[in-house]
Amino acid sequence: PLSDPWWSDAVVYQIYPRSFCDSNGDGVGDLQGIISKLDYVADLGVDVVWLSPIYASPQDDNGYDIADYEEIDPLFGTMGDFEELVAGLHRRGLKLVMDLVVNHTSDEHAWFQSSRDPQSPKREWYHWRPAREGFEPGTPGAEPTNWGSFFGGSAWAYDEASGEYYLHLFSRKQPDLNWENPEVREAVYAMMNRWVERGVDGFRMDVINLISKTMPLADGHQRPGEPYSFEVERVANGPRMVEFLEEMNAAVGIDARQLFTVGEMVMCTAEQARIYTSRAHPRLGMVFTFEHMSLDQGPGSKFELKPLHLPDLKTNLAHWQEQLGEEGWNSLYFENHDQPRVVSRFGDDSPEHRVAAAKAWATVLHLHRGTPYVYQGQEIGMTNAGFTRIKQYRDIESLNYFADATAAGVPEQTVLAGLALKSRDNARTPIPWGAGPQGGFTRGTPWLPLNANADTVNVQAALAASDGVRAHYQRLIALRHELEVIQKGRFDLLLPEDPKLWVFTRTLTSEQVLVVANMSAHLASVPVQQLPDLRDAELLLGGSGADIQTLEPWEARVYLVR
Ligand code: TEU
Numbered sequence: 255p256l257s258d259p260w261w262s263d264a265v266v267y268q269i270y271p272r273s274f275c276d277s278n279g280d281g282v283g284d285l286q287g288i289i290s291k292l293d294y295v296a297d298l299g300v301d302v303v304w305l306s307p308i309y310a311s312p313q314d315d316n317g318y319d320i321a322d323y324e325e326i327d328p329l330f331g332t333m334g335d336f337e338e339l340v341a342g343l344h345r346r347g348l349k350l351v352m353d354l355v356v357n358h359t360s361d362e363h364a365w366f367q368s369s370r371d372p373q374s375p376k377r378e379w380y381h382w383r384p385a386r387e388g389f390e391p392g393t394p395g396a397e398p399t400n401w402g403s404f405f406g407g408s409a410w411a412y413d414e415a416s417g418e419y420y421l422h423l424f425s426r427k428q429p430d431l432n433w434e435n436p437e438v439r440e441a442v443y444a445m446m447n448r449w450v451e452r453g454v455d456g457f458r459m460d461v462i463n464l465i466s467k468t469m470p471l472a473d474g475h476q477r478p479g480e481p482y483s484f485e486v487e488r489v490a491n492g493p494r495m496v497e498f499l500e501e502m503n504a505a506v507g508i509d510a511r512q513l514f515t516v517g518e519m520v521m522c523t524a525e526q527a528r529i530y531t532s533r534a535h536p537r538l539g540m541v542f543t544f545e546h547m548s549l550d551q552g553p554g555s556k557f558e559l560k561p562l563h564l565p566d567l568k569t570n571l572a573h574w575q576e577q578l579g580e581e582g583w584n585s586l587y588f589e590n591h592d593q594p595r596v597v598s599r600f601g602d603d604s605p606e607h608r609v610a611a612a613k614a615w616a617t618v619l620h621l622h623r624g625t626p627y628v629y630q631g632q633e634i635g636m637t638n639a640g641f642t643r644i645k646q647y648r649d650i651e652s653l654n655y656f657a658d659a660t661a662a663g664v665p666e667q668t669v670l671a672g673l674a675l676k677s678r679d680n681a682r683t684p685i686p687w688g689a690g691p692q693g694g695f696t697r698g699t700p701w702l703p704l705n706a707n708a709d710t711v712n713v714q715a716a717l718a719a720s721d722g723v724r725a726h727y728q729r730l731i732a733l734r735h736e737l738e739v740i741q742k743g744r745f746d747l748l749l750p751e752d753p754k755l756w757v758f759t760r761t762l763t764s765e766q767v768l769v770v771a772n773m774s775a776h777l778a779s780v781p782v783q784q785l786p787d788l789r790d791a792e793l794l795l796g797g798s799g800a801d802i803q804t805l806e807p808w809e810a811r812v813y814l815v816r
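Counting from 255, one number per residue, gives the positions in the sequence shown under this note's numbering.
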């Protein structure tokens with residue numbers, strides 16, 4: 255049998271540096287801020303820290319637009335600070351995973367600057383195309399294909415100097431690299447190797463399944479009434495995906511050096527993920543799926559609202575558990591810097607239920623098989639930002655959407671309601687470390703306002719609550735480290751259609767764990783006759799242990815059945 259990789263029992267903590275802790279009073283979190291909080295992170299019990307981008311960047315997309323892969327942005331600190339961070343993490347037994355953003359660079363990257371010249375040897379490093387035949391360059395409809403950008407508008411920007419267009423699947427300041435060009439791939443692998451030499455233990459690969467596109471770039475299917483095409487087969491999961499990942503693996507020594515990898519994969523199915531994460535031929539350690547994050551989305555944009563139907567989420571995660579169970583590996587997440595806070599999105603962030611709901615969502619996620627991710631602030635049950643005015647937002651996706659939607663005639667209140675639930679800024683409000691001014695995040699003016707509830711929902715308060723959300727995360731993480739059945743046990747979903755209860759078992763030979771959670775703000779009665787026999791079971795987490803026939807609102811219990 256294949257031996258398990260070192261991260262099989264690991265839990266990852268994601269840090270979004272800009273919002274974590276500001277040491278120099280400029281309102282933006284930085285590396286020294288992170289260094290000052292390493293004991294806090296280690297105390298949670300996590301094994302790996304994933305750091306969102308800290309590279310030199312004009313910050314059009316908060317660092318996901320990189321101008322120099324080899325420099326630390328002065329906003330965050332220096333290479334010396336980075337070295338101190340690596341040492342501080344490693345001394346505490348923590349590994350460091352860096353964000354790798356190589357589907358695109360910033361338009362201010364030297365590669366792109368050079369590429370703008372049609373005679374440059376770097377011209378082919380990006381996707382340059384002439385105007386559509388029969389159209390005057392730079393006029394409406396002249397874009398080389400009908401593709402839309404994820405951040406609104408066309409995916410093509412016109413460059414007047416050369417009379418051609420370049421492709422940008424995200425903002426126009428994020429031109430897509432041309433991975434068909436072997437020079438691009440070699441430059442990326444060499445850069446990755448240098449980061450491994452600087453001590454990093456792995457990579458979180460941003461939108462990695464967009465690097466291979468179907469050539470030649472051509473019009474995609476357009477849904478009626480939609481100005482642009484987002485046809486998956488054109489822009490994602492192209493025919494060379496596996497080849498590129500295998501080439502990267504060999505060039506960077508990902509297997510040989512046991513590097514941790516997770517590929518962020520938009521529009522990727524469980525069946526495709528199984529190929530990428532195959533135990534026998536791993537191309538990636540795991541992938542981030544988006545399927546479960548789109549279940550509360552209407553047919554149009556992600557800002558169109560639709561309440562979650564719990565059975566959809568349970569069965570979707572169960573499907574991934576089954577598909578990747580024996581032959582692949584799952585990542586487990588409800589939050590990151592792009593997603594709203596789970597307690598507001600799927601739970602209940604009222605003062606009455608916030609703590610119980612945050613704990614229930616943590617329990618169900620952490621008891622699945624795979625690698626759980628905790629996004630900064632999730633461990634204290636942080637809520638959505640609660641912004642009501644467009645002026646409060648900073649995120650490019652949110653601002654573009656507001657401009658486009660209101661221009662198209664959608665009422666402002668409707669747009670703001672969508673943003674209040676789905677904007678990425680919901681997850682980006684600064685961490686309140688205490689109840690003081692600006693939550694102790696900064697002594698200056700924070701780049702994004704803190705949550706209005708920061709005086710009650712903050713780290714200091716969380717540390718004092720022995721039965722709070724953070725203490726609960728600590729127990730969940732410790733349980734995963736202790737119990738092999740949580741790391742490796744088979745997953746079986748019970749009562750899939752129940753609209754309130756989330757019930758499943760994990761089984762490894764004679765050991766079984768049962769999770770019974772009431773994912774609602776009402777009492778729930780449990781059909782005990784449909785559950786395993788609990789007479790000799792040990793209650794590991796939650797509840798009083800007494801009557802399991804009725805669960806309190808947001809009560810989640812974990813039993814060990816031997
Ligand atoms: O995100 C990829 C992505 O497609 C979405 O999550 C995106 O954030 C948006 O919600 C689409 O509606 C990754 C990064 O995580 C994100 O922060 C970057 O903005 C994006 O890639 C571009 O690098």
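Here a beta-carbon is modelled for each residue, glycine too, at the ideal position from N, C-alpha and C. Quick caveat: nothing in here was measured; it's all calculated off a predicted structure.
Residues near residue i in its chain [Cβ-Cβ closer than 6 Å; skip 5 each side]
{"i": "residue 283", "result": "271, 272, 273, 274, 275 and 276"}
{"i": "residue 618", "result": "756 and 771"}
{"i": "residue 362", "result": "312 and 321"}
{"i": "residue 774", "result": "754"}
{"i": "residue 645", "result": "none"}
{"i": "residue 596", "result": "588, 589 and 615"}
{"i": "residue 453", "result": "340"}
{"i": "residue 817", "result": "Here the chain has residues from 255 to 816 only, and residue 817 is not among them."}
Endpoints, the beta strand (DSSP E) within which residue i is located
{"i": "residue 656", "result": "First-last for residue 656: 650-661, but that is the alpha helix (DSSP H), not the beta strand (DSSP E)."}
{"i": "residue 557", "result": "That residue, residue 557, is in no beta strand (DSSP E); it is neither H nor E in DSSP."}
{"i": "residue 517", "result": "514-518"}
{"i": "residue 268", "result": "266-269"}
{"i": "residue 814", "result": "810-815"}
{"i": "residue 795", "result": "792-795"}
Range of the contiguous alpha helix (DSSP H) that encloses residue i
{"i": "residue 439", "result": "436-451"}
{"i": "residue 530", "result": "524-530"}
{"i": "residue 573", "result": "564-578"}
{"i": "residue 287", "result": "285-289"}
Bridge partners - residue i, DSSP secondary structure assignment
{"i": "residue 866", "result": "Look at the range of the chain in this structure, 255 to 816, and you will see that residue 866 is not part of it."}
{"i": "residue 641", "result": "For residue 641, which the question treats as bridged, DSSP gives no partner whatsoever."}
{"i": "residue 584", "result": "541"}
{"i": "residue 354", "result": "459"}
{"i": "residue 364", "result": "The partner list for residue 364 (beta bridge, DSSP) is empty, contrary to what the question assumes."}
{"i": "residue 234", "result": "Outside the shown range of the chain, which is 255 to 816, sits residue 234, and nothing can be said about it."}
{"i": "residue 302", "result": "266 and 349"}
{"i": "residue 779", "result": "804"}
{"i": "residue 431", "result": "380"}
Spatial neighbours of residue i in its chain, beta-carbon cut-off 7 Å, leaving aside the 5 residues before and after
{"i": "residue 342", "result": "289 and 292"}
{"i": "residue 631", "result": "685"}
{"i": "residue 490", "result": "463, 464, 520 and 521"}
{"i": "residue 700", "result": "281, 684 and 692"}
{"i": "residue 315", "result": "424, 425, 428 and 650"}
{"i": "residue 695", "result": "275, 276, 684, 685, 686, 687 and 704"}
{"i": "residue 585", "result": "516, 540, 541, 542, 624, 625 and 627"}
{"i": "residue 397", "result": "386, 408, 410 and 419"}
{"i": "residue 725", "result": "719"}
{"i": "residue 430", "result": "357, 358, 380, 381, 421, 422 and 423"}
Proximal residues to residue i (C-beta, below 8 Å), its chain only, five neighbours per side dropped
{"i": "residue 711", "result": "608, 634, 635, 636, 637, 686 and 705"}
{"i": "residue 296", "result": "346, 347 and 348"}
{"i": "residue 435", "result": "378 and 379"}
- Task: Spell out a yes or no on whether the region 620-635 and the region 654-671 are touching, meaning 3 or more CB-CB pairs, one atom from each, closer than 8 Å.
- Result: Verdict: no, contact absent.
- Which runs of the alpha helix (DSSP H) fall wholly inside the region 733-775 and span at least 4 residues, in chain order? Within the region 733-775, the complete alpha helix (DSSP H) runs of at least 4 residues are 738-742.
- Decide if the region 374-392 is in contact with the region 330-339; the criterion is three or more beta carbon pairs, one per stretch, under 8 Å apart. Contact between the region 374-392 and the region 330-339 is absent, because fewer than three Cβ pairs lie under 8 Å.
- Is there contact here, the region 467-477 with the region 437-448, by at least three beta-carbon pairs under 8 Å? They do not touch, by the three-pair rule.
- Task: Spell out a yes or no on whether the region 262-271 and the region 725-736 are touching, meaning 3 or more CB-CB pairs, one atom from each, closer than 8 Å.
- Result: Short answer: they touch.
- Message: Which complete beta strand (DSSP E) runs does the region 461-514 hold, if anything under 3 residues is left out?
- Response: Not a single unbroken stretch of the beta strand (DSSP E) spanning 3 or more residues falls wholly within the region 461-514.
- Which runs of the alpha helix (DSSP H) spanning at least 4 residues fall entirely within the region 670-726, listed in chain order? Taking only runs of at least 4 residues, the alpha helix (DSSP H) segments lying wholly in the region 670-726 are 713-718.
- Continuous beta strand (DSSP E) assignments of at least 3 residues falling wholly in the region 584-630: Listed in chain order, the beta strand (DSSP E) elements of length 3 or more contained wholly in the region 584-630 are 625-629.
- Task: Taking only runs that begin and end inside the region 392-426, name each unbroken beta strand (DSSP E) of 3 or more residues, in chain order.
- Result: For the region 392-426, whole beta strand (DSSP E) runs of length 3 or above, ordered along the chain, are 410-413 and 418-421.
- Message: Closer than 8 Å is the cut-off here; do at least three beta carbon pairs connect the region 412-419 with the region 351-366?
- Response: The region 412-419, when compared against the region 351-366, does not touch it at the 8 Å Cβ threshold.
- Hey, is the region 537-545 in contact with the region 559-566, meaning 3+ C-beta pairs nearer than 8 Å? No contact exists between the region 537-545 and the region 559-566.
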